[in-house]
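Asks:
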Amino acid sequence: MAENKQNPVTVLGLGAMGQALAAAFLKTGRSTVVWNRTPGKDADLVAAGAVGAATVDEAVHAGEVIVVVLLDHASVHAALDPVAERLSGKQVINLTSTAPEEARELGRWAEQHGIDYLDGGIMAVPPMIGQPGASILYSGSRKVFDDNRELLESAAAADYFGEDAGLASTWDFALLSSMYGMFAGFLHGAALARSAGASVSAFAERATAWVTAMAQLIPEYGRIIDGGDYTTDVQHLNFHKAAMDAIVRASRDAGVALDVIGPIKNLIDRQVADGHGALAFERTFEELR
Ligand code: FVH
Numbered sequence: 007m008a009e010n011k012q013n014p015v016t017v018l019g020l021g022a023m024g025q026a027l028a029a030a031f032l033k034t035g036r037s038t039v040v041w042n043r044t045p046g047k048d049a050d051l052v053a054a055g056a057v058g059a060a061t062v063d064e065a066v067h068a069g070e071v072i073v074v075v076l077l078d079h080a081s082v083h084a085a086l087d088p089v090a091e092r093l094s095g096k097q098v099i100n101l102t103s104t105a106p107e108e109a110r111e112l113g114r115w116a117e118q119h120g121i122d123y124l125d126g127g128i129m130a131v132p133p134m135i136g137q138p139g140a141s142i143l144y145s146g147s148r149k150v151f152d153d154n155r156e157l158l159e160s161a162a163a164a165d166y167f168g169e170d171a172g173l174a175s176t177w178d179f180a181l182l183s184s185m186y187g188m189f190a191g192f193l194h195g196a197a198l199a200r201s202a203g204a205s206v207s208a209f210a211e212r213a214t215a216w217v218t219a220m221a222q223l224i225p226e227y228g229r230i231i232d233g234g235d236y237t238t239d240v241q242h243l244n245f246h247k248a249a250m251d252a253i254v255r256a257s258r259d260a261g262v263a264l265d266v267i268g269p270i271k272n273l274i275d276r277q278v279a280d281g282h283g284a285l286a287f288e289r290t291f292e293e294l295r
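Going by the working numbering, the letters in the sequence shown line up with residues 7 to 295, in that order.
1) So, does the segment 53-63 touch the segment 38-45, judging by three or more C-beta pairs under 8 Å?
2) According to the Cβ coordinates, are residue 93 and residue 121 closer than 8 Å?
3) Give me the DSSP bridge partner(s) of residue 129.
4) Measuring only the C-alpha atoms, how far is residue 123 from residue 98?
5) Could you give the first and the last residue of the continuous beta strand (DSSP E) run that contains residue 99?
6) Confirm, please, whether the CB-CB distance from residue 128 to residue 101 is below 8 Å.
7) Kindly give me the distance between the Cβ atoms of residue 110 and residue 171, rounded to whole angstroms, as I take these residues to be in contact under 8 Å.
8) Does the Cβ of residue 99 lie closer than 7 Å to at least one heavy atom of the ligand FVH?
9) So, at 7 Å on beta carbons, what are the nonlocal neighbours of residue 176 in its own chain, with the 5 sequence-adjacent residues on each side left out?
10) What does the shell around the ligand FVH hold, if a residue joins when its beta-carbon is under 7 Å from any heavy atom?
11) Between the alpha carbons of residue 308 and residue 208, how many angstroms are there, rounded?
12) Are any of the Cβ atoms in chain C nearer than 8 Å to that of residue 51?
13) Do the CB positions of residue 247 and residue 274 come within less than 8 Å of each other?
14) Three-state secondary structure (DSSP) at residue 40?
15) Determine contact between the segment 145-165 and the segment 76-90, defined as no fewer than three beta-carbon pairs at a distance below 8 Å.
16) Which term fits residue 227, buried or exposed, when burial requires 16 or more other beta carbons within 10 angstroms of its beta carbon?
17) For the beta strand (DSSP E) holding residue 163, just list the boundary residues, first then last.
18) Given this structure, state the Cα-to-Cα distance separating residue 24 from residue 30, to the nearest angstrom.
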């Protein structure tokens, strides 16, 4: 099915993200049908030209391409199971955050019902949708991706990872893990800085510059890990253990909880105890995978 601007797109779920996506689709001039479990969330979209559907069945009937943006895997089944027959022959693009195995399960469920299924992981917050910097990662049906590429790119840069429906989610969650690690590290540092009377805003300014500089090392981490050679002349794990032990002592002295930094110390300690003290910090990857 080649993309047809007259062909309505249906958006199921009008939380913050669903509303942003539907608004982006509307801006392309595409006929957009919207539905939300709790009524009333479609008011702005309907005022902007969307068609509000009273039921999932009505919403699904109206569109050939169904974009699903619900809370989680369970809510996707709660919404789609009752209309599985109606979805047969249609294209479903599920942008709800699901674990990779959940995405694969939805892919199998879709196949059983004759539905062409594309899964997606959104790398953006709602205000970024339709703006440069937003991206959405896709995997599953290549046909659904190709047929709807223009529509998808109206919301965010669109990257396709492969036929395995769980791939987009794996990349999504891997990137989110990096993000949460960074923010949690910042929170620990902020607590330490505050214990010395610093304002967190002042700390944030320095932390931004520091983390930005350190992020430049990430590609080299990738090369070393892919190469599997962890020998190093500088900053081996024994060095990091000494640094981390000192950070832990400083945190304890300042009354800062070790919930964030403690697991990193444990990881380094185990590497050293296992005889890898002379190797690079990147060696901890082998412990994690
Ligand atoms: N918002 C964000 O920053 C992130 C960015 C990265 C990707 N996520 C994921 O996108 C999914 C939707 O997120 P959201 O921001 O729109 O979330 P909410 O505003 O909380 O809206 C949730 C919608 O889900 C509906 N819903 C929940 N349970 C059910 C159910 N059992 N049956 C049908 N619909 C359900 C809910 O409806 P209602 O509570 O208004 O009736 C909202 O429409 C999500 O996976 C993020 O992880 C967003």
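By construction, the Cβ of each residue, glycine as well, lies at the ideal position given by its N, Cα and C atoms. Nothing here was measured: the structure is a model prediction, and the numbers come from that model.
Replies: For this structure:
1) yes
2) yes
3) 141
4) 5 Å
5) 97-100
6) yes
7) 5 Å
8) no
9) 106
10) 19, 20, 21, 22, 23, 24, 42, 43, 44, 47, 75, 76, 77, 78, 80, 81, 84, 85, 101, 102, 103, 128, 130, 131 and 132
11) Only positions 7 to 295 of the chain appear in the structure, and residue 308 is not among them; the question remains open.
12) Judged by its chain identifiers, the structure shown contains no chain C, having just a single protein chain.
13) yes
14) strand
15) no
16) exposed
17) 163-166
18) 10 Å
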